[in-house]
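What follows is a short report on a single structure.
Residue numbers (my numbering): -12 to 558.
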């Protein structure tokens, strides 16, 4: 059987006759680039053409001071043909993501082939014309996670994490795991080719290594799209984890532990609160690593936000697992309970006792700073959340507040849950601002009552948003002006979110599924209508899921990308 030309997979040169492909291959010289090394940079001379034989590379550009990944290239990709034809300099940079083997064709040699063979020039012109007709522009494209390396801090037993990680990824797609090079991989120079074959045959490749400076350790760290480091407590003295790693705490860390690791620059940290929850925690980890984690954003809206609990009830019944939470104002309050792992039934009972029974929002005082002293609210938060810290939660969770001094949105991802929730709920004029260092914090709804954009910016994955705040309107067109006038508390609450209405409208477009409970008949201070609000949330969630919402969450995610076996004619 005749051997297929390595150009056969190329969308550009693969259109040429086999004889011309063979001439190009014969003109090339083998080249090898190790993972994380640069093939060339923007501005370099475009005097060489490259064909990717095995491995994986990415095309990177600088835009407005930020590094943007334009494309991810696999075997068959041709790099730099337009630059070599026009003599232009490279317009972007190319970096190896895996140990990559290429064929390198010198510009002078390529021009000789063109001058000697008119058919090659004509064939290349046709191929380029077809390429341009199909559209040759490149948009930003995040490379998918395909290779994950797991390692551990010396002395930390991560054996069970390795087993659970293999199981979790196997549920997402065809997975192969190696904790050492296989016997048929040959010498270290051949490990890159072996990995390329594994990637061709599997959706995910898991590698395990010790950080011992060995060839295997270096190879595994170098090839990984994401590196998972298992840890317990603070980092040992002198320990340097791989840059941009994902840190997994195998027990709940202290705030000091998390702060100690922050200087090492982990990409994210994940918490396993106990060995009993390790399987679920590892599956949540695998979804976050691969851009499949489901986020839930809960809007502010006073008592209407109790509808969020009804939505959570339906999602739980439908076996829709939420991996990360975010919220504003009363949405932050409900989101914090969810991030603590509370079932909806416990949330309902807590709200019945703390909001309906104790009436914490009636703690009125002489209005020097606000209409309420907020002592009852503070006591309520203390009873519910105690000394819980955001960075210790098993589920990533953020709240938003607004800084009166700088007019900036503040996103709370670390620190006290009480402070994060309390400042997000501090309605200006109704509750006193929260003083934190040089910040004066009030309700996040002032600037962003539906912070879907914050959730989307954190990491890839679908997002469900629940919005309980609508425009003030009357269902009765004959209603008198007196009946339309809100109370002073309603006015303050409504005025809080006026400035973020347009932002909320834009943010709704970012959600993969938007749920809008009908709670217009519940006043913003109507906490005694808990059951009515929960029922409204249930109805809205049922309706959203019944009209294709569940399928929307299971569809390929925004920003996901396959390895492109494509020409990069612009480079």
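Where is the CB? At the ideal position from N, CA and C, for every residue including glycine.
Residue span of the beta strand (DSSP E) that contains residue i, given as start and end
i, result
"residue 426", "426 to 430"
"residue 296", "Looking at the DSSP string, residue 296 is not in any beta strand (DSSP E); the run it does join, the alpha helix (DSSP H), is 294 to 304."
"residue 498", "Unbroken run through residue 498: none, as it is neither H nor E."
"residue 387", "384 to 390"
"residue 423", "421 to 423"
"residue 139", "134 to 139"
"residue 237", "Residue 237 -> no beta strand (DSSP E), and no H or E assigned at all."
"residue 276", "Unbroken run through residue 276 is the alpha helix (DSSP H), 265 to 276; no beta strand (DSSP E)."
"residue 398", "396 to 399"
Whole-Å CB distance - residue i paired with residue j, under 8 angstroms assumed
i, j, result
"residue 313", "residue 441", "6 angstroms"
"residue 54", "residue 91", "25 angstroms between Cβ atoms; not a contact."
"residue 20", "residue 89", "7 angstroms"
"residue 258", "residue 381", "5 angstroms"
"residue 135", "residue 209", "Wrong, their Cβ atoms sit about 13 angstroms apart, outside the cutoff."
"residue 451", "residue 504", "Rounded, the Cβ-Cβ distance is 13 angstroms, inconsistent with contact."
"residue 77", "residue 31", "5 angstroms"
"residue 301", "residue 528", "4 angstroms"
"residue 281", "residue 310", "5 angstroms"
"residue 215", "residue 233", "5 angstroms"
"residue 203", "residue 222", "Going by Cβ atoms, the distance from residue 203 to residue 222 rounds to 23 angstroms, so no, they are not a contact pair."
"residue 148", "residue 237", "7 angstroms"
"residue 562", "residue 439", "As shown, the chain starts at -12 and ends at 558. That puts residue 562 outside it, with no answer to give."
"residue 523", "residue 502", "That pair is no contact at about 11 angstroms."
"residue 137", "residue 87", "Not a contact, Cβ separation roughly 23 angstroms."
"residue 273", "residue 159", "6 angstroms"
"residue 400", "residue 377", "6 angstroms"
Limits of the unbroken alpha helix (DSSP H) element including residue i
i, result
"residue 411", "404 to 411"
"residue 318", "317 to 326"
"residue 442", "439 to 445"
"residue 261", "No alpha helix (DSSP H) holds residue 261; DSSP gives it neither H nor E."
"residue 94", "94 to 103"
"residue 230", "From DSSP, residue 230 is part of no alpha helix (DSSP H); its letter is neither H nor E."
"residue 17", "Run containing residue 17: none in the alpha helix (DSSP H); it sits in the beta strand (DSSP E), 16 to 20."
"residue 540", "537 to 541"
"residue 331", "331 to 338"
"residue 242", "242 to 249"
Beta-bridge pairing of residue i - partner residues as DSSP gives them
i, result
"residue 44", "60 and 83"
"residue 28", "Looking at the DSSP assignment, residue 28 forms no beta bridge with any residue, so it has no partner."
"residue 514", "None; residue 514 has no bridge partner."
"residue 452", "284 and 501"
"residue 35", "93"
"residue 418", "415"
"residue 65", "38"
"residue 314", "285 and 386"
"residue 255", "233"
"residue 291", "Answer by DSSP bridge pairing: none, since residue 291 is not bridged."
"residue 55", "48"
"residue 76", "32"
"residue 369", "According to DSSP, residue 369 bridges with nothing at all."
"residue 88", "19 and 41"
CB contact below 7 angstroms: residue i versus chain D
i, result
"residue 82", "The structure shown contains no chain D; it holds only a single protein chain."
Review point. Okay, do the region 287 to 299 and the region 418 to 428 touch, 3+ Cβ pairs below 8 angstroms being the bar?
Key: The region 287 to 299 vs the region 418 to 428: no contact.
**Study point:** Three CB pairs or more closer than 8 angstroms across the region 19 to 34 and the region 67 to 85
**Key:** Flag = yes, the region 19 to 34 and the region 67 to 85 touch.
Practice item. Assess, as a yes-or-no matter, whether the region 59 to 71 is touched by the region 159 to 170 under the definition of 3 or more beta carbon pairs within less than 8 angstroms. Key: The region 159 to 170, when compared against the region 59 to 71, does not touch it at the 8 angstroms Cβ threshold.
Review point. Are there three or more Cβ pairs, one per stretch, closer than 8 angstroms when the region 148 to 157 is compared with the region 188 to 196?
Key: These segments touch.
Review point. Are at least three pairs of beta-carbons, each pair with one atom in the region 374 to 389 and one in the region 400 to 412, less than 8 angstroms apart?
Key: The way I'd put it, the region 374 to 389 does touch the region 400 to 412; three or more beta-carbon pairs between them come closer than 8 angstroms.
Point to revise | Complete runs of the alpha helix (DSSP H) confined to the region 141 to 220 [at least 4 residues] | key: Counting only runs of 4 or more, we get 146 to 159, 178 to 188 and 202 to 210.
Review point. Counting pairs of Cβ atoms below 8 angstroms between the region 301 to 321 and the region 269 to 289, do you hit three or more?
Key: Yes, the region 301 to 321 is in contact with the region 269 to 289.
Review point. Are the region 389 to 409 and the region 365 to 375 touching, with three or more C-beta to C-beta distances below 8 angstroms?
Key: Segments in contact, yes.
Review point. Does the region 485 to 501 come within contact of the region 253 to 272, defined as at least 3 CB pairs closer than 8 angstroms?
Key: Taking 8 angstroms as the limit for Cβ pairs, the verdict is that the region 253 to 272 does not touch the region 485 to 501.
Check your understanding: Is it true that the region 249 to 258 meets the region 169 to 178, where meeting means three or more beta-carbon pairs spaced less than 8 angstroms apart?
Key -> Below 8 angstroms, too few C-beta pairs join the region 249 to 258 and the region 169 to 178 to call them touching: fewer than three.
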